[in-house]
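As given, the protein sequences belong to chains A and B, one line each in that order.
Counted from 1, the first sequence has number 267 at position 267 by UniProt numbering; the numbering is strictly sequential.
Counted from 1, the second sequence has number 274 at position 274 by UniProt numbering; the numbering is strictly sequential.
There are 2 protein chains.
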Amino acid sequence: MLKLLLAFAALAQTVPSDPAPEDWKAIPDNEILVMTLQGGHQVHIRLAPRYAPAHVANIRKLAEAHWWDGTSVYRVQDNYVTQWGGGDDKTTLPPGVIENPPAEYEWPGFDAVKSVTFAKPDSYAARTGLSADGWPLANYGAVSSLTHCYSMVGVARDLAPSTGSGAELYTVIGHAPRPLDRNIAIVGRVVEGMQWLSSLPRGTAQLGVYAKDQVPTPILSVRLASQLPEDERPHFQYRATDNPRFAAWIKARENRDGAFFTVPMGGVDVCNALPAVRRAQ
Amino acid sequence: MLKLLLAFAALAQTVPSDPAPEDWKAIPDNEILVMTLQGGHQVHIRLAPRYAPAHVANIRKLAEAHWWDGTSVYRVQDNYVTQWGGGDDKTTLPPGVIENPPAEYEWPGFDAVKSVTFAKPDSYAARTGLSADGWPLANYGAVSSLTHCYSMVGVARDLAPSTGSGAELYTVIGHAPRPLDRNIAIVGRVVEGMQWLSSLPRGTAQLGVYAKDQVPTPILSVRLASQLPEDERPHFQYRATDNPRFAAWIKARENRDGAFFTVPMGGVDVCNALPAVRRAQ
Chain A
1 MLKLLLAFAA LAQTVPSDPA PEDWKAIPDN EILVMTLQGG HQVHIRLAPR
51 YAPAHVANIR KLAEAHWWDG TSVYRVQDNY VTQWGGGDDK TTLPPGVIEN
101 PPAEYEWPGF DAVKSVTFAK PDSYAARTGL SADGWPLANY GAVSSLTHCY
151 SMVGVARDLA PSTGSGAELY TVIGHAPRPL DRNIAIVGRV VEGMQWLSSL
201 PRGTAQLGVY AKDQVPTPIL SVRLASQLPE DERPHFQYRA TDNPRFAAWI
251 KARENRDGAF FTVPMGGVDV CNALPAVRRA Q
Chain B
1 MLKLLLAFAA LAQTVPSDPA PEDWKAIPDN EILVMTLQGG HQVHIRLAPR
51 YAPAHVANIR KLAEAHWWDG TSVYRVQDNY VTQWGGGDDK TTLPPGVIEN
101 PPAEYEWPGF DAVKSVTFAK PDSYAARTGL SADGWPLANY GAVSSLTHCY
151 SMVGVARDLA PSTGSGAELY TVIGHAPRPL DRNIAIVGRV VEGMQWLSSL
201 PRGTAQLGVY AKDQVPTPIL SVRLASQLPE DERPHFQYRA TDNPRFAAWI
251 KARENRDGAF FTVPMGGVDV CNALPAVRRA Q
């Protein structure tokens, strides 16, 4: 059995540099969305109000109105996205929800937001990095955007100029579909329970939509953590990136070593270096 | 319902340039591995003997010996790998299977193999590309390797200098773990049935190994297509990349347009541009 366990260890993604206690920062309760699926499985999403304030404002109103309760996860396209929320039976949005918010896809500049910059450009962006509070970023010269990494949450929309209300959301369950960056609003990241969205049966109809003979997964409820009773409220922390311990972690991600990795890469893709988020201790 | 369908269309990965009939080339029957899981679900893997001949020779011998029959899929780590094959109950390899083949991780040069080169370097390699027969490649100056894209199949191994016999295999079910490139043997790509490996319940023990209270998925049989009776034998074709139709497809992947993509990227990640493989018509 030893050989087998070593084989597992050899494939492990290790974290060579541990954070100090002060590196863990509280995520506000109104920036955590709790989606409860049939079976009681919960998906926790960290919201990104700093980057998509109008879309996140919509999402908060939708949660406060219990608008998603009784909707479903109805699309699972392999190596692409799992999508959920309002279908054609939910055409009316709650009061105050804007059907087409501003296109919150990018912002001018990069340095004002980024804390970490990765060693190399990637296939899409001149520079990639992380904000001090742990969001993945890409810079395209004059503008920057969040990046469509695995587990990031975006707003499904119709053809441009539609920007999507937030009533239909998706998360990435495969290789980062970065061509969506700058073309769609990213509003958050699944920080716990991703497996309940990534391991669902794939849809067999066009684009991974569930066919008539498949059963969409019912959504029992979606709430902001701040809407829940204090004793039921989950509390999360993000790992800050603006400290030497995190810089050492990135360096280790860029140059894997140890008894398994005989060839270091000298770089790492932003989507292979997302900072940890954990439950408050 | 129209709005909803448009929303799906907006998230679709489209193929703007169609291949000509002559672009489809037959994959030899002894380069297709057919794994049948409990429930009759089949996973078809295209083997890469050109890049890892000794490891693929082992895999063919293991299939011919029916060695995997009765083993299981015992590890599913979210956003990383699904792993299967010989456990500690399968310590003896069939005659002729080499326990540690040569380290078939990379080869000198790039131009002799590549047909397509992508527009930009990525976070890992100076150049990335595709072979004429559709394999994803990365060039690191003097040497090149296959790349750990979603659905690629590799050989689990112990710590170096172990190279892995091929008795334990894995496939990528998340964002490409490219730091594994040049450190492990890639032997193929799942070309049909990926969903049967990507949608399995995630393992709850360390590194995504199934815990005692979880049930590994039994593997009923693994055979080369060439081992099967002619009337049961699946036949696959790959899309050749050395023609102007494929070049146009890559150009379209690098610069998405149409009514949804308002900002083209000017580049594409090799793992977002894997050539199509299909059943022979």
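Each residue gets a CB set at the ideal place from its N, CA and C atoms; glycine is no exception.
Best match in the options for proximity to residue i [C-alpha to C-alpha]
i: B:P236; options: B:S226, B:N243, B:R245, B:P244; result: With the sequence shown as reference, residue 236 of chain B is identified as Phe, and Pro is not the correct amino acid for it. Of the candidates B:S226, B:N243, B:R245, B:P244, the one whose C-alpha sits nearest the C-alpha of B:F236 is B:S226.
i: A:R178; options: B:A259, B:V268, B:V116, B:L33; result: B:V268
i: B:A52; options: B:N243, B:V116, B:N100; result: B:N100
i: A:V191; options: A:S17, A:L169, A:I27, A:P21; result: A:I27
i: A:V172; options: B:A65, B:D78, B:G70; result: B:D78
i: B:N58; options: B:A185, B:P234, B:W249, B:L274; result: B:A185
i: A:P95; options: A:L62, A:L228, A:G266, A:G109; result: A:L62
i: B:E230; options: B:M35, B:N30, B:D158, B:S144; result: B:N30
i: A:K25; options: A:A132, A:V34, A:G109; result: A:A132
i: A:E64; options: A:K251, A:L93, A:H41; result: A:L93
i: B:Y80; options: B:G154, B:A248, B:I250; result: B:G154
Boundaries (first-last residue) of the alpha helix (DSSP H) holding residue i
i: A:S198; result: 195-198
i: A:N58; result: 53-64
i: B:W68; result: That residue, B:W68, is in no alpha helix (DSSP H); it is neither H nor E in DSSP.
i: B:R253; result: 244-254
Spatial neighbours of residue i in its chain, beta-carbon cut-off 8 Å, leaving aside the 5 residues before and after
i: A:D23; result: R239, A240, N243, R245, F246
i: A:N272; result: R253
i: A:P264; result: E254, N255, R256, D257
i: B:V277; result: I27, R46, G134, R189, V191, E192, F236, Q237, Y238, R239
i: B:T117; result: R127, T128, G129
i: B:V279; result: Note on residue identity: the sequence assigns Arg, not Val, to residue 279 of chain B. The answer, listed in chain order, is E192, P234, H235, F236, Q237.
i: A:L37; result: V43, V73, W196, T217, P218, I219, L220
i: B:V90; result: Correcting the residue identity first, residue 90 of chain B is Lys in this sequence and not Val. Here the set comprises W67, T71, A167.
i: B:D18; result: R245
i: A:S162; result: N100
Residues near residue i by beta carbon distance below 7 Å, same chain, minus five either side
i: B:L200; result: V73, V76, T82, T217
i: B:L5; result: Confidence at B:L5 is low in this model, with a pLDDT of 38, below 50, so its placement is unreliable and the value that follows should be read with caution. Around B:L5: no qualifying Cβ.
i: A:A54; result: I98, P101, P102, E104
i: A:W107; result: V143, S144
i: B:A125; result: A138, N139, Y140
Residue i: CB within 7 Å of a non-hydrogen atom of the ligand NAD
i: B:P101; result: Questions concerning the ligand NAD fall outside what the structure shown contains, since it holds no ligand whatsoever.
Other residues of its chain near residue i: CB distance less than 6 Å, five sequence neighbours each side excluded
i: B:T204; result: A211
i: B:A176; result: H148, C149, C271
i: B:S198; result: I173
i: B:M152; result: V172, I186, R189
i: A:V209; result: R75, G203
i: A:A119; result: E254, G267
i: A:K114; result: G129, L137
i: A:P21; result: none
i: A:D69; result: S221
For residue i, the first and last residue of its enclosing beta strand (DSSP E)
i: A:F236; result: 236-239
i: B:P218; result: 217-224
i: A:G208; result: It is not in any beta strand (DSSP E) - A:G208 carries neither H nor E in the DSSP assignment.
i: A:R189; result: 186-192
i: A:P136; result: 136-140
i: A:G85; result: 81-85
i: B:A26; result: 24-26
i: A:K120; result: Where A:K120 is concerned, there is no enclosing beta strand (DSSP E), given that its DSSP letter is neither H nor E.
i: B:G154; result: 152-155
i: A:E168; result: 168-172
i: A:Q281; result: Unbroken run through A:Q281: none, as it is neither H nor E.
Supposed contact pair residue j and residue i - C-beta distance, whole angstroms, cut 8 Å
i: B:L224; j: B:I98; result: Actually they are not in contact, since the Cβ atoms of B:L224 and B:I98 sit about 18 Å apart, beyond 8 Å.
i: B:S221; j: B:H66; result: 7 Å
i: A:N183; j: B:F261; result: 5 Å
i: A:L169; j: A:A156; result: 7 Å
i: A:S123; j: B:D181; result: At roughly 15 Å, the Cβ-Cβ gap does not stay under 8 Å, so A:S123 and B:D181 are not in contact.
i: A:V34; j: A:L228; result: 7 Å
i: B:L146; j: B:A259; result: About 36 Å; that fails the 8 Å criterion.
Interface partners of residue i on chain D, CB under 8 Å
i: A:Y238; result: Absent here is chain D; the protein component of the structure consists of chains A and B.
Determine which residues of the region 165-187 of chain A have a Cβ less than 9 Å from any Cβ of chain B, and write them out in chain order.
So the close ones are E168, Y170, V172, I173, G174, H175, A176, P177, R178, P179, L180, D181, R182, N183, I184.
Of all the residues that make up the region 242-272 of chain A, which are near chain B by a beta-carbon distance shorter than 7 Å?
Flagged, chain order: R256, A259, F260, F261, T262, V263, M265, G267, V268, D269, C271, N272.
If you measure beta-carbon to beta-carbon, which residues of the region 188-204 of chain A are closer than 8 Å to chain B?
For the region 188-204 of chain A, the beta-carbon criterion of a distance under 8 Å to any beta-carbon of chain B is satisfied by M194, Q195, S198, S199, L200, P201, R202.
Pull out every residue of the region 109-123 of chain B whose Cβ sits closer than 9 Å to any Cβ of chain A, in chain order.
Closer than 9 Å at the C-beta level to chain A, one finds these residues of the region 109-123 of chain B: F118, A119, K120, P121, D122, S123.
Closer than 9 Å, Cβ to Cβ, to anything on chain A: give me those residues from the region 79-103 of chain B, in chain order.
Considering only beta carbons, the part of the region 79-103 of chain B lying closer than 9 Å to chain A consists of N79, Y80, V81, Q83, G86, G87, D88, T91, A103, in chain order.
Determine which residues of the region 46-57 of chain A have a Cβ less than 7 Å from any Cβ of chain B, and write them out in chain order.
Under the 7 Å Cβ criterion, the region 46-57 of chain A contributes no residue.
Counting only Cβ-Cβ distances shorter than 8 Å, please list the residues of the region 205-218 of chain B near chain A, keeping chain order.
Look at the region 205-218 of chain B: the residues with a C-beta under 8 Å from a C-beta of chain A are Q206, L207, V209.
Please list, in chain order, the residues of the region 144-160 of chain B that have any C-beta partner in chain A closer than 8 Å.
Residues are counted here when their Cβ sits less than 8 Å from a Cβ of chain A; for the region 144-160 of chain B these are C149, Y150, S151, A156, R157, D158, L159, A160, given in chain order.
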